[in-house]
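Per the UniProt record's numbering, the very first residue in the sequence shown carries number 182; after that it's consecutive. Every residue, glycine too, gets a C-beta built ideally from N, C-alpha and C. If you're wondering where the values come from, they're calculated on a predicted model, not measured in any experiment. Following: one structure in structure tokens, then a few remarks.
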Amino acid sequence: AAASDACGVLTGRRIVISAGGTREPLDPVRFLGNRSSGKQGIALAKAAHAAGADVELVAANIDSGLLTGLPDDITITPVESTLELQYAMQSAQTRADAIIMAAAVADYRPAETTDSKMKKSGDEGLTLRLVQNPDILRGLVDERSRQTRLGDQIIVGFAAETGDAETTALDYARAKFRRKGVDLLVFNDVSDDQAFGHDDTMVQIITSDAGDINVGEEFHGSKDHVSQKVIAALSDQFTHVES
Ligand code: CTP
Ligand code: CA
């Protein structure tokens, strides 16, 4: 009954989007987390929905106030940790025409989690041992290559990068595009701003063009505006597959 039922560029496509930031539990009341608000992923979910897609949002620790404004036919799966996010994404992959990994995923989690609250002991500091989390995006790309019926699935990654003395932020993003095996990498230069929680952003969309890396123009503006550009680029990928 919504306007999105009219033929949009993504009508009939199921898009699964991860958003927010994972939290890695230390004990029942403490976690290691990051500052991702989930606003970018929510903006993408809205843009995909407006383009006619069936949208599933896997929401890692997003403030409920941010989720209430979403169209109510968007399915929301709440998750906390990286392992929960991985499970939700793997389950959703089987029915997805496209996957967008916009969540900020913790690279490490505590090696041990206790069932009861950790207690202080003595006057010493505390050393935490961390283990590396699985690369969810890489796993989804690998699964796609193993399953013939997922062959046409489009997979999108995000990369917020800063440059340093030897390497520009964009060069890091190019390397990440190659390493991840995604169809589309949304590069966000965060060298001189704090993208996290802010309403304005700049992205460039990296794709591959007959084996060469193609870096798109800079898109500046609100997360809604930038999301529309990302969804347009995603639609182009479907067109490529079909032609
Ligand atoms: N990502 C993921 N699983 C992880 C880490 C990242 O799926 N364990 C996804 C993010 O959601 C994002 C993309 O991979 O779409 C790039 O994340 P980023 O943190 O930039 O990449 P990393 O491979 O973790 O590399 P880095 O060492 O630069 O953090
Ligand atoms: Ca990382």
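Taking a contact to mean a Cβ-Cβ separation below 9 Å, would you say Gln409 touches Ala228 in this structure?
yes
State yes or no: is the C-beta of Arg360 nearer than 8 Å to some heavy atom of ligand 1?
yes
Relative to the C-alpha of Asn369, which residue among Asp393, Arg330, Gln328, His401 is closest?
His401
Hey, quick one: how far does the alpha helix (DSSP H) through Val322 stretch, first residue to last?
317 to 327
Looking at the strands, I want to know which residues DSSP matches up with Gly201.
Ala241
Determine the extent of the alpha helix (DSSP H) in which Ile223 is found, giving its start and end residues.
220 to 231
Mind checking whether Gln274 and Val210 have CB atoms under 9 Å apart?
Result no, Cβ atoms of Gln274 and Val210 do not sit closer than 9 Å.
Mind the definition here: the region 337 to 354 touches the region 279 to 288 only if three or more C-beta pairs lie below 8 Å; say whether that holds.
yes
Is the beta carbon of Ile317 within less than 8 Å of some heavy atom of ligand 1?
yes
Would the C-beta of Gly338 count as close to ligand 1, meaning under 8 Å from any of its heavy atoms?
For ligand 1, at least one heavy atom lies less than 8 Å from the Cβ of Gly338.
Quick one: give me the first and last residue of the beta strand (DSSP E) that Arg211 is part of.
211 to 213
Thinking C-alpha only, which one of Pro206, Leu365, Pro252 is nearest Leu311?
Pro206
In angstroms with no decimal places, state the Cα-to-Cα distance between Asp345 and Gly222.
27 Å
Mapping DSSP to helix, strand and coil, what is Ile255?
coil
Cβ of Glu342 within 8 Å of any heavy atom in ligand 1?
Because some heavy atom of ligand 1 lies under 8 Å away, the Cβ of Glu342 counts as near it: yes.
For Asp405, collect the residues of the same chain with a Cβ closer than 8 Å to its Cβ; drop the 5 residues on either side in sequence, then sort them by chain order.
Ala224, Lys227, Ala228
Per DSSP, which residues does Gly364 bridge with? Please list them.
According to the sequence provided, residue 364 is Asp. The question's Gly does not apply to it. Per DSSP, none; premise fails for Asp364.
With 16 other CB atoms within 10 Å as the buried threshold, where does Ser403 fall?
exposed
Consider the C-beta atom of Val286 and the heavy atoms of ligand 2; say whether any pair is separated by less than 8 Å.
yes
For ligand 1, I want to know if Ser408 counts as a neighbour, meaning its beta carbon is within less than 8 Å of at least one of the ligand's heavy atoms.
no
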